[in-house]
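Enquirer: In terms of the numbering used here, the sequence shown opens at residue 235 and continues consecutively.
All residues carry an ideal CB built from backbone N, CA and C; glycine is no exception.
Just dropping this structure here.
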Amino acid sequence: MANVLFKKGLLKDLPSGKVEGTIYVTTDERAMYLDISADKRIRLGDFNEIPNLNALPDVSHTGG
235 MANVLFKKGL
245 LKDLPSGKVE
255 GTIYVTTDER
265 AMYLDISADK
275 RIRLGDFNEI
285 PNLNALPDVS
295 HTGG
């Protein structure tokens, strides 16, 4: 199992080299990327900023 590293910055500054276990958060396009091996990187998806935890929407499901 790899160590996990978190890095952030602009998409244009994303390094071409890959380091397994590194997660990049791009601050300009608001996406996350994961180096899953020394030669493969995947995009994990978009993220949204929130001011605090209370601002999260209620996603609980009640009823049947």
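1. Give me the residue from Asn286, Val293, Leu244 with the minimum Cα distance to threonine 261.
2. Can you give me the C-alpha to C-alpha distance between valine 293 and glutamate 263, rounded to a whole angstrom?
3. Using the beta-carbon count (16 or more within 10 Å), is aspartate 247 buried or exposed?
4. Would DSSP call lysine 241 helix, strand or coil?
5. Compute the beta-carbon to beta-carbon distance between methionine 266 and glycine 279, rounded to the nearest angstrom, for a pair I have assumed lies under 8 Å.
Expert: A quick look at the data gives this:
1. Position 27 of the sequence shown, counted from the first residue, corresponds to residue 261. Here the closest residue by C-alpha is Leu244.
2. On the sequence shown, residue 293 is found 59 positions in, with the first residue counted as 1. On the sequence shown, residue 263 is found 29 positions in, with the first residue counted as 1. Approximately 25 Å between the Cα atoms of the pair.
3. Along the sequence shown, read from residue 1 onward, the residue named residue 247 stands at position 13. Counting Cβ neighbours within 10 Å, aspartate 247 comes out exposed, since fewer than 16 surround it.
4. If you number the sequence shown from 1, residue 241 lands on position 7. Three-state result, lysine 241: strand.
5. Your numbering for residue 266 matches position 32 in the sequence shown. Your numbering for residue 279 matches position 45 in the sequence shown. About 7 Å; that satisfies the 8 Å criterion.
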